[in-house]
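Have a look at the structure below, then the notes.
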Amino acid sequence: MSEHHITPLKTYLAVAGTLFFLTVVTVWVSYFDFGSFNIVIAMGVATLKASIVALFFMHLLWDDKKNLTMFVMSLMFLGIFITVTLLDTGFRGGVNSEVESPINNRAAFYDSLPLTDTHGHPVDEHSADHHGEGEDHH
Amino acid sequence: MAENQKQNYLTHPKGIMSWLLTLDHKRIGLMYLFGGIAFFFLGGVLALGMRLELAAPGNDFVSNDTYNNMYTLHGAIMIFLFIIPAIPGALGNILLPLMLGAKDVAFPRLNLASFYIYTVGALFVMYTIISGGVDTGWTFYTPYSTTSTSNVIPMTMGIFVIGFSSILTGLNFIATIHKMRIPGLTWYKLPLFVWALYGTSLVQITATPVIAITMVLLILERLLGIGIFDPALGGDPVLYQHFFWFYSHPAVYIMILPAFGIISEIIPVHSRKKVWGYKFIAFSTLSIAFIGFLVWGHHMFTSGQSVFSQIVFSFITYFVGIPTGVKIFSWMLTMYKGQVSFTPPMLYALSFLFLFTIGGLTGIFLGAVALDIHLHDTYFVVAHFHYVMQGGTIIAFLGGLHHWWPKSMGTMYNQTVANICCLGVFLGFNGTFFPQFLLGLRGMPRRYATYDQQYAELHNYSSFWSGILGLSIFISIMNLLWSLRKNNKLDPGTNPWGGMTLEWTHTTSPPHPHNFEEEPVLEHGPYDYDKVIVEPTFKK
Ligand code: HEM
Ligand SMILES: [Cu+2]
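Written out as structure tokens, the structure reads:
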């Protein structure tokens, strides 16, 4: 195991300064509207700050690299949990695709064809309406 | 020296306090063992009670409400109080330091703390039982669990607490494996049981916090009405299932990986042959542990999750089959042309191979989304998970118990009785659970006390064989305990199976309180049966 690292005060102050600066950045960007990127930018700055804290204040930069690996792994598992769960919640509508976009038995393509009954025999316009599925207009 | 050798951890030091406050990993392991077996017994009695009710179609013995309580408690006790803690807590604790040539685990006090945290969790569960039980099933799905009037909170609190015991044990084992090996014991010279414990521990520390959070969220919703899972409050009930299975699918690997480790020890020793594909077995453990984190949605194929995630989960689930298959083939090739002896541990290992393969393969069937929509929540699933958990984990546990009993207790049980019991377990198990595959295929749903007449014959058959199964397990445990009678001690130098790992070659049976008289020197690899001859010795 590597011997204990002693961080000079200067580094701590520099890190603290950076953190303050990034806080100012967070506040500053909040005055602009980037649309759906608002959250990405805010989280990006926050992640950068958290990484600096972990690396310098929590000494992960100088510690045995196994500690860093463990830390990154735990973030990775959190990432897996959240992203894969979003694959569900973000795509839920797919379950009922028939409801969202019902099958259209009068699709544009069919308009170019002569009307037929279920056996393929041509029928006249008038009686065809009664073959429509569950259209309750009479 | 002779005086010193007579000392062993069972008799030295003496007194009840020396047990309750012990820091010795072997004593802590034994306390876990007896605690676990007590819960195994309790869970088993509940199971036999359910089979009695199911022997005939109507409500013959218990009401529907009682039945709901019975299967919930059976599942929760077996999983959270027995299977998950038993192998790492009992066999892992006893063996890990011995296998590494260490005096103890890395953090002995933390180890004792884990045991007591487990005890506190168990008390919560006991309180739940006495105060009226729970009826939601071991999975505590919302909205049942947020609306049920039964004792959901003490039960989930118990599981929350036990989780910490699991995390601390995992942490302790990882530190022990990294730091406590004797010089020369490199990663590829570790016994495969140690690799298995390593994989298990990684899953324990990465997955268990999620069940803890899940239980807390559930309790918060019940107590304070915070909307997490209830749509009326802005929550999402399917989210509960994501949380629960993100832990509980990896948890099935917490249950099975140590069992794989036991089998990897038993087979080479009792076949007197070097293990085939050491690295394959070691790395398949780690890849199972990893893939296990990506498949949880296969428990949710009918829950209304998005079609897209169903496809992804179904696809990834198939990959679990690869490392699992690698292990099965490696074990079979280890036996090939070996001198296989039909000792009790080996019979259990052979049963394991047979039963676990059925369990694993039916898991792949269930992973196919189209098929699972038919089979979900039927007895097919019940049969699948009993084939892996009982046919796999518990059979391996019994095998391991028989394998290391002479080592940890210094006595030998009656091997003929043990063999007959093993046969009884094998037959009883198949008789009980194979018909359940058929029941499930024919549409019998799980978690009902009554059923349609058409299922009566298979249910009746299953109930009959469950009696044989219960009896065989009971006698085999009694057979082990009976060996502890007076004047039945083995010679401390006994190595009854001719094992090659440090716990067999360098410690007495039972081991010295400090494990080794002096730090052992590694002379050969764990399974070098092709290079070194270690004869089985068996002396009274
Ligand atoms: C070979 C790899 C395995 C695969 C592909 C697999 C697959 C599955 C699938 C798809 C289900 C869900 C079925 C449903 O509810 O409709 C399931 C259920 C289950 N499996 Fe497995 N499984 C495997 C191994 C294991 C192992 C090793 C264990 C435990 C030691 C296990 C324990 C369980 C349990 C407890 C359930 C039921 C949970 C419940 O709903 O109560 N499985 N398995
Ligand atoms: Cu699963």
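So the sequences go chain by chain: A and B.
Per my numbering, the very first residue in the first sequence carries number -4; after that it's consecutive.
Per my numbering, the very first residue in the second sequence carries number 141; after that it's consecutive.
Cβ atoms here follow ideal geometry from the backbone N, Cα and C, with glycine treated the same way.
With respect to 7 Å, is the separation between the Cβ of V79/A and the closest non-hydrogen atom of ligand 1 below this value?
no
Roughly how many angstroms separate the alpha carbons of L493/B and W545/B, rounded to a whole number?
Roughly 21 Å between the two C-alpha positions.
For M68/A, count neighbouring C-beta atoms within 10 Å of its own C-beta (all shown protein chains included) and say buried if the count is 16 or more, exposed if not.
exposed
For the pair the segment 419 to 428 of chain B and the segment 487 to 504 of chain B, tell me if three or more CB-CB distances fall below 8 Å.
no
For H126/A, which residues in the same chain have their Cβ closer than 6 Å to its Cβ, ignoring the five residues on either side in sequence?
Bear in mind that a pLDDT of 47 at H126/A, under 50, signals an unreliable position, so the model cannot answer this.
At least three beta-carbon pairs within less than 8 Å, the segment 165 to 172 of chain B to the segment 231 to 239 of chain B
yes
So what does DSSP say about H514/B, is it helix, strand or coil?
helix
Is H165/B near ligand 2, going by C-beta to nearest heavy atom under 7 Å?
no
Residue-level contact to chain A via CB, L373/B, 8 Å cutoff
no
Taking C-alpha atoms, which residue in G184/B, L363/B, K547/B lies nearest to I534/B?
G184/B
Within the segment 502 to 562 of chain B, note down every full beta strand (DSSP E) run reaching 3 residues or more, in order along the chain.
none
With distances taken Cα to Cα, identify the nearest neighbour of L250/B among A315/B, T276/B, G273/B, S203/B.
A315/B
Going by DSSP in three states, N731/B sits in which element: helix, strand or coil?
Because chain B is modelled from 141 through 680, residue 731/B falls outside the range shown and cannot be assessed.
Pull out every residue of the segment 375 to 397 of chain B whose Cβ sits closer than 8 Å to any Cβ of chain A, in chain order.
D376, V378, L379, H382, F386
Give a single yes or no on whether H439/B has its beta carbon closer than 7 Å to a heavy atom of ligand 2.
Between ligand 2 and the CB of H439/B, the shortest heavy atom gap is smaller than 7 Å.
Which of the three DSSP states is assigned to N208/B in this structure?
helix
Is the segment 361 to 369 of chain B touching the segment 319 to 328 of chain B, taking contact as three or more C-beta pairs under 8 Å?
As far as the Cβ criterion goes, the segment 361 to 369 of chain B does not touch the segment 319 to 328 of chain B, which means the pair count is below three.
So, does the segment 555 to 571 of chain B touch the segment 609 to 625 of chain B, judging by three or more C-beta pairs under 8 Å?
The segment 555 to 571 of chain B is in contact with the segment 609 to 625 of chain B.
By the DSSP assignment, the alpha helix (DSSP H) with S46/A in it spans what residues?
32 to 47
Decide yes or no for the touch test of the segment 302 to 320 of chain B against the segment 404 to 416 of chain B: beta carbon pairs closer than 8 Å, at least 3 of them.
no
Using a Cβ-Cβ distance cut-off of 8 Å, determine whether T282/B contacts chain A.
no
Whose C-beta lies closer than 6 Å to the C-beta of P408/B among residues of the same chain, with five residues either side of it excluded?
V415, T474, Y667
Use the C-beta contact count for P153/B: other C-beta atoms within 10 angstroms, 16 or more gives buried, fewer gives exposed.
exposed
Residues of the segment 49 to 79 of chain A whose Cβ lies closer than 9 Å to any Cβ of chain B, in chain order
K61, M65, M68, S69, F72, I75, F76, V79
Who are the neighbours of L434/B on chain A, taking C-beta pairs under 8 Å?
In chain order: I75, V79.
For T354/B, which residues in the same chain have their Cβ closer than 6 Å to its Cβ, ignoring the five residues on either side in sequence?
F383, F384
In this structure, what does DSSP give as the bridge partners for H116/A?
Paired residue(s): none; H116/A is not in a bridge.
Can you tell me whether D112/A sits near ligand 1, meaning its C-beta is under 7 Å from at least one heavy atom of the ligand?
no
Which whole-angstrom value is the C-beta distance of A253/B and L337/B, which I expect to be below 8 Å?
The Cβ separation is near 19 Å, so there is no contact.
Between the CA atoms of H542/B and L620/B - distance to the nearest angstrom
8 Å
Can the beta-carbon of Y72/A be found closer than 8 Å to that of F433/B?
Reading off the sequence, residue 72/A comes out as Phe, not Tyr. Yes, Cβ-Cβ distance for F72/A and F433/B is below 8 Å.
Is the beta carbon of L163/B closer than 8 Å to that of P248/B?
yes
Applying a beta-carbon distance threshold of less than 8 Å, which residues of chain B neighbour L4/A?
Per Cβ cutoff of 8 Å: no residues; L4/A is ~32 Å from chain B at best.
Give a yes or no on whether the C-beta atoms belonging to L188/B and G610/B are separated by under 8 Å.
yes
Does chain B have any CB closer than 8 Å to the CB of L110/A?
no
Would you tell me roughly how many angstroms separate the C-alpha atoms of A142/B and K547/B, rounded to the nearest one?
Low confidence applies here, because A142/B scores a pLDDT of 43, under 50, leaving its location unreliable and the question unanswered by this model.
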